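Quick mapping for you: the protein sequence lines, in order, are chains A and B.
All residue numbers for the first sequence refer to the UniProt record's numbering, where the first residue is 1 and numbers rise by one.
All residue numbers for the second sequence refer to the UniProt record's numbering, where the first residue is 1 and numbers rise by one.
A virtual CB, placed ideally from N, CA and C, is assigned to each residue, including glycine.
Note that this is a predicted model, so its numbers are computed, not measured.
A quick write-up on the structure given underneath.
Number of protein chains: 2
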Amino acid sequence: MAVTIREVASAAGVSVSTVSRAFTAPDQVQPTTRQRILDAAAKLGYSPNPAARSLRGGGTGTLGLIVPDIANPFFPPIIKAMQARARHLGYTVLVADSDEREADELAAIAAVSKRVDGLILWASTLTEDRLHELAGRMPLVVVNRHVPGIPEVRISLSAGIAQAAEQLKAYGHRRCVFINASRAELSRGKSIQESFEALDLSLSELGPYEPRFETGVHAATLVAAHDATAVIAHNDLVALGVLHQMANLGMSVPRDVSVIGIDDTLLASVSTPSLTTIRIDPEEIATRAGDLLIETIASTTGRTGQGLEVTSPFVEIGSRLIPRASTGPAPAH
Amino acid sequence: MAVTIREVASAAGVSVSTVSRAFTAPDQVQPTTRQRILDAAAKLGYSPNPAARSLRGGGTGTLGLIVPDIANPFFPPIIKAMQARARHLGYTVLVADSDEREADELAAIAAVSKRVDGLILWASTLTEDRLHELAGRMPLVVVNRHVPGIPEVRISLSAGIAQAAEQLKAYGHRRCVFINASRAELSRGKSIQESFEALDLSLSELGPYEPRFETGVHAATLVAAHDATAVIAHNDLVALGVLHQMANLGMSVPRDVSVIGIDDTLLASVSTPSLTTIRIDPEEIATRAGDLLIETIASTTGRTGQGLEVTSPFVEIGSRLIPRASTGPAPAH
DNA sequence: TTGATGTTTGCGAACGTTCCCAGGGCGTGT
DNA sequence: ACACGCCCTGGGAACGTTCGCAAACATCAA
Chain A
1 MAVTIREVAS AAGVSVSTVS RAFTAPDQVQ PTTRQRILDA AAKLGYSPNP
51 AARSLRGGGT GTLGLIVPDI ANPFFPPIIK AMQARARHLG YTVLVADSDE
101 READELAAIA AVSKRVDGLI LWASTLTEDR LHELAGRMPL VVVNRHVPGI
151 PEVRISLSAG IAQAAEQLKA YGHRRCVFIN ASRAELSRGK SIQESFEALD
201 LSLSELGPYE PRFETGVHAA TLVAAHDATA VIAHNDLVAL GVLHQMANLG
251 MSVPRDVSVI GIDDTLLASV STPSLTTIRI DPEEIATRAG DLLIETIAST
301 TGRTGQGLEV TSPFVEIGSR LIPRASTGPA PAH
Chain B
1 MAVTIREVAS AAGVSVSTVS RAFTAPDQVQ PTTRQRILDA AAKLGYSPNP
51 AARSLRGGGT GTLGLIVPDI ANPFFPPIIK AMQARARHLG YTVLVADSDE
101 READELAAIA AVSKRVDGLI LWASTLTEDR LHELAGRMPL VVVNRHVPGI
151 PEVRISLSAG IAQAAEQLKA YGHRRCVFIN ASRAELSRGK SIQESFEALD
201 LSLSELGPYE PRFETGVHAA TLVAAHDATA VIAHNDLVAL GVLHQMANLG
251 MSVPRDVSVI GIDDTLLASV STPSLTTIRI DPEEIATRAG DLLIETIAST
301 TGRTGQGLEV TSPFVEIGSR LIPRASTGPA PAH
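And the structure:
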């Protein structure tokens, strides 16, 4: 069996209370006693039982993260970064995915909710009412979703898009196409439309389609029909579909057409040609979302998050263009 | 506060024991009573507190999975599949990564070990002694690692490699290159060497390098020097590096040279040209590893895994060739 | 009718921890 | 010398659940 606090106590010749304090409130116990306890604990290989701790009411020390799809290459770096951040703050992260179906999301929430101190819901499919109800039951942070009264992290593409528009403009492009493959109501199209208009670039929108490779393949064949010389895709995966089909059609990227992705996933850096894309920094978003949740937890428990400065319950993450080889000067004519 | 078993008990007019049994041993309680309890529980929104459960000694209902790198595109589909399998069997999965460093792996193990019923260690960096010690303390399954006496899942590439060799042979290739980018002692090279020899194909080995995109880029320039017409890379990522550099060198794939990857990650299916690769089925490996762990847990606890047939503590996962567009006939001469 | 057997239920201890409360020791100001 | 306060420590209840034990009741054979 695992070694308990009691064994450490008798080994150190103190009571269990003192051992407990030696770990949770080190300054309330005399340094010499404390050292004796720590030594005994180390020798016995003691570490506190999280189940007992959380039963007593101390929280679980775990954050829940529910993303649409773990296998979507956009998320793994975020998960990884959040793990790192959370561990640094003494938390563990429990990840699950919703497959973008409400039923699965509810199942995932049910599976993790009792094991975590709070939940980060990424692009939740739940109704606003349900989210409010959930937020009443436990600390909640939503990402890529706006629900009044619930702490939120939002990804803003506008900076990256503006940079993309600038680059295309500078390269002499005039007519562009946006491939909309968003299944959610919040399309990236509106923001793009505005940025391009501001620079006097014509932009046609294709779709909406599903955010799949084949969508890019399909849409690529339509680009020529729009007489466009640049394509901006809903994400890197779709952009790769475009790249693929352009090659099939005997067109050269970026000589004949420029292609821009969104997300800066691994895909973008290893494609041929490498993909110019709009980057959303996974570390930043993971850190901000994690911190926001911990802060929300702290404010409900009263227990203070260790050294986190107070932030607004609304956080915006920026983006920027990562120029690579898939964009270049517009063809002469 | 959350609703407890006591409230359900008084609502249903029975004792807490009976409520507990209604959930954990349904056949020990009279059907009518049981129904009354279930109704009350549903109305109150009761669900058992996992912390209390595991404190009492019932296990945590969680499996730990430690992989080298969550962001490596090979793992997300495996994680996803294991989550699905585990949930189906009433378990949750807690994932962490080791970054292939012993210190980080130990930290990850420390962080999760008290919260899980057992651990799956993927390509562990730990010494055999440490692993044995760990296995003595909790149920353990290792993947891609052989330690006598510890349940193991091994990935066998031989079938896929044989198919690859066959295909290259049939396409008339004679001289091939293998890019070794394994940091572990167990290189994929030996198995490959054997398969190719068996078909009378010449195989030169490059490396060992790090398993990175740039490795492929670098190695590609060496292929011509070996007078080879086919490349088999340590994994898809390295293969994409080869593809990338071949394009830079003005060589066409598969016209001038054929390229084969390993793993069949998302990368392989969306590259241009799409990548012929050796597939390891993520669902199979996740299922087998998960089941093996649950079984190991059951055999130590005495608690029987729900309806899993007994398997040997050694499981081998096969592989097969996924032919795509990066392989083709050898150049005429 | 009686004893044996089986089914359904309740009581209460135990899991490992935290934290409130109280008590003892010691220094300080009067 | 006394009272007061502070620092350090120990005792013990509580968290929500499971499970061994035994009581209550029904069934059935002799």
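- Any non-hydrogen atom of the ligand COA within 6 angstroms of Gly261(B) CB: As far as ligands go, the structure on display features none, and thus does not contain the ligand COA.
- Task: Step through the CB atoms of chain B and report whether any lies within less than 7 angstroms of the CB of Pro151(A).
- Result: Not closer than 7 angstroms to any Cβ of chain B, the Cβ of Pro151(A) fails to qualify, so no.
- Which value, in whole angstroms, describes the spacing of the CA atoms of Tyr56(B) and Glu100(A)? The displayed chain sequence assigns Arg, not Tyr, to residue 56(B). Going by C-alpha positions, Arg56(B) is about 36 angstroms away from Glu100(A).
- Task: Report buried or exposed for Phe314(A), applying the criterion of at least 16 other Cβ atoms within 10 angstroms of its Cβ.
- Result: A residue is called buried once 16 or more other Cβ atoms fall within 10 Å of its Cβ, and Phe314(A), having fewer, is exposed.
- Item | Proximal residues of chain A, C-beta to C-beta of Phe213(B) below 8 angstroms | Identification of chain A residues near Phe213(B) by a Cβ-Cβ cut-off of 8 angstroms yields Ser269 and Val270, ordered along the chain.
- Query: Taking the alpha helix (DSSP H) that Ala42(B) falls in, what are its first and last residues?
  - Reply: Per DSSP, Ala42(B) belongs to the alpha helix (DSSP H) from Pro31 to Leu44.
- Query: Curious, which full-length alpha helix (DSSP H) runs of at least 4 residues does the stretch 50 to 109 of chain A contain?
  - Reply: As far as the stretch 50 to 109 of chain A is concerned, its whole alpha helix (DSSP H) runs of at least 4 residues are 50 to 56 and 75 to 88.
- Could you pull out every residue in the same chain whose Cβ sits closer than 8 angstroms to the Cβ of Thr125(A), ignoring the five residues on either side in sequence? Leaving aside the five residues that flank Thr125(A) on each side, the residues in its chain whose CB is nearer than 8 angstroms to its CB run, in chain order, Ser98, Glu100, Arg101, Glu102 and Glu105.
- Item | C-alpha gap between Ala86(A) and Pro273(B), whole angstroms | Straight-line Cα distance between these residues: approximately 40 angstroms.
- Please decide whether Ala220(B) counts as near chain A, where near means a Cβ-Cβ distance under 7 angstroms. No, its Cβ sits nowhere closer than 7 angstroms to a Cβ of chain A.
- What residues of chain A sit near Leu119(B), judged by a beta carbon separation below 8 angstroms? Those within 8 angstroms of Leu119(B) in chain A number zero; the least Cβ separation is about 14 angstroms.
- Residues bridged to Glu205(B) by DSSP? DSSP, once it has assigned bridges, lists Phe178(B) as partnering Glu205(B).
- Message: Going by beta-carbon coordinates alone, are Val29(A) and Arg21(A) separated by less than 7 angstroms?
- Response: Cβ atoms of Val29(A) and Arg21(A): closer than 7 angstroms.
- Message: Counting only Cβ pairs nearer than 8 angstroms, list the residues of chain A close to Asp97(B).
- Response: Lys80 and Gln83, listed in chain order.
- Item | One or two residues paired with Asp263(A) in a DSSP bridge | Beta-bridge annotation (DSSP): Asp263(A) is paired with Arg279(A).
- Does any residue of chain B bring its CB to less than 7 angstroms from the CB of Thr92(A)? At least one chain B Cβ lies under 7 angstroms of Thr92(A).
- Query: Does the pairing of the stretch 230 to 243 of chain A with the stretch 262 to 279 of chain A give three or more beta-carbon distances under 8 angstroms?
  - Reply: Three or more beta-carbon pairs separated by less than 8 angstroms link the stretch 230 to 243 of chain A to the stretch 262 to 279 of chain A, which places the two stretches in contact.
- Message: In the DSSP output, which residue or residues are listed as bridge partners for Glu316(B)?
- Response: Residue pairing by DSSP puts Glu316(B) in a beta bridge opposite Arg154(B).
- For chain A, find out if any of its Cβ atoms is closer than 7 angstroms to the Cβ of His244(B); answer yes or no. Residue contact with chain A for His244(B): present (Cβ-Cβ distance below 7 angstroms to some residue of chain A).
- Should Ser299(B) be flagged as near chain A, meaning a C-beta pair shorter than 7 angstroms? Ser299(B) does not count as touching chain A.
- Please list the partners that Arg87(B) has in chain A, where partner means a Cβ-to-Cβ separation under 9 angstroms. Within chain A, the residues near Arg87(B) are Ala96, Ala107, Ala108 and Ala111.
- Message: Is Leu55(A) close to chain B? Criterion is C-beta to C-beta, closer than 7 angstroms.
- Response: Yes, Leu55(A) lies at the interface with chain B (some Cβ there is under 7 angstroms from its Cβ).
- Task: Quick one: using the 10 Å Cβ neighbour count with 16 as the cut-off for buried, is Leu243(B) buried or exposed?
- Result: Label assigned to Leu243(B): buried.
- Message: Against chain A, which members of the UniProt domain "HTH lacI-type" (3 to 57) of chain B pass a CB distance test of less than 7 angstroms?
- Response: When C-beta distances to chain A are compared with 7 angstroms, the residues of the UniProt domain "HTH lacI-type" (3 to 57) of chain B below that value are Ser47, Asn49, Pro50, Ala51, Ala52, Ser54 and Leu55, in chain order.
- Three-pair Cβ contact test at 8 angstroms for the stretch 136 to 155 of chain A versus the stretch 198 to 207 of chain A: Flag = no, the stretch 136 to 155 of chain A and the stretch 198 to 207 of chain A do not touch.
- Query: Hey, how far is the Cα of Val153(B) from the Cα of Ile232(B)?
  - Reply: Their Cα atoms are separated by approximately 24 angstroms.
- Item | Beta bridge counterpart(s) of Ile120(B) as assigned by DSSP | In DSSP, Ile120(B) forms a bridge with Leu65(B) and Val141(B).
- Task: Check whether the Cβ of Ile66(A) lies closer than 7 angstroms to any Cβ atom in chain B.
- Result: No, Ile66(A) lies away from the interface with chain B (no Cβ there is under 7 angstroms from its Cβ).
- Task: Under 8 angstroms Cβ to Cβ from Phe213(B), same chain only, skipping five residues before and after it: list those, please.
- Result: Leu237, Val238, Leu240, Gly241 and His244, listed in sequence order.
- Task: Could you name the residues of the same chain whose beta carbon sits closer than 8 angstroms to that of Ile66(A), not counting the 5 residues immediately before and after it, in chain order?
- Result: Val95, Ala96, Asp97, Ser98, Glu105, Ala108, Ile109, Val112, Leu119, Ile120, Leu121, Trp122 and Ser124, listed in sequence order.
- Should Lys80(A) go down as buried or exposed, given a rule of 16 or more other Cβ atoms within 10 Å for buried? Around the beta carbon of Lys80(A), 16 or more other beta carbons sit within 10 angstroms, so the residue counts as buried.
- Message: Taking a contact to mean a Cβ-Cβ separation below 7 angstroms, would you say residue 338(B) touches Ile280(B) in this structure?
- Response: Shown here, chain B extends from 1 to 333; a query on residue 338(B) therefore has no answer.
- Task: Please check if any C-beta of chain B sits within less than 7 angstroms of the C-beta of Ser70(A).
- Result: One point to set straight first is that residue 70(A) is Ile, not Ser, in the sequence displayed. True, the Cβ-Cβ gap to chain B drops below 7 angstroms.
- Query: Who are the neighbours of Leu240(B) on chain A, taking C-beta pairs under 9 angstroms?
  - Reply: Near Leu240(B) (Cβ distances below 9 angstroms), the residues of chain A are Val270, Ser271 and Thr272.
- Item | Arg115(A) at chain B interface by Cβ criterion, 7 angstroms | Chain B contact via Cβ: present.
- Message: With H, G and I counted as helix, E and B as strand and the rest as coil, what does DSSP make of Ser274(B)?
- Response: Assignment of Ser274(B) by DSSP, reduced to helix, strand and coil, places it in the coil class.
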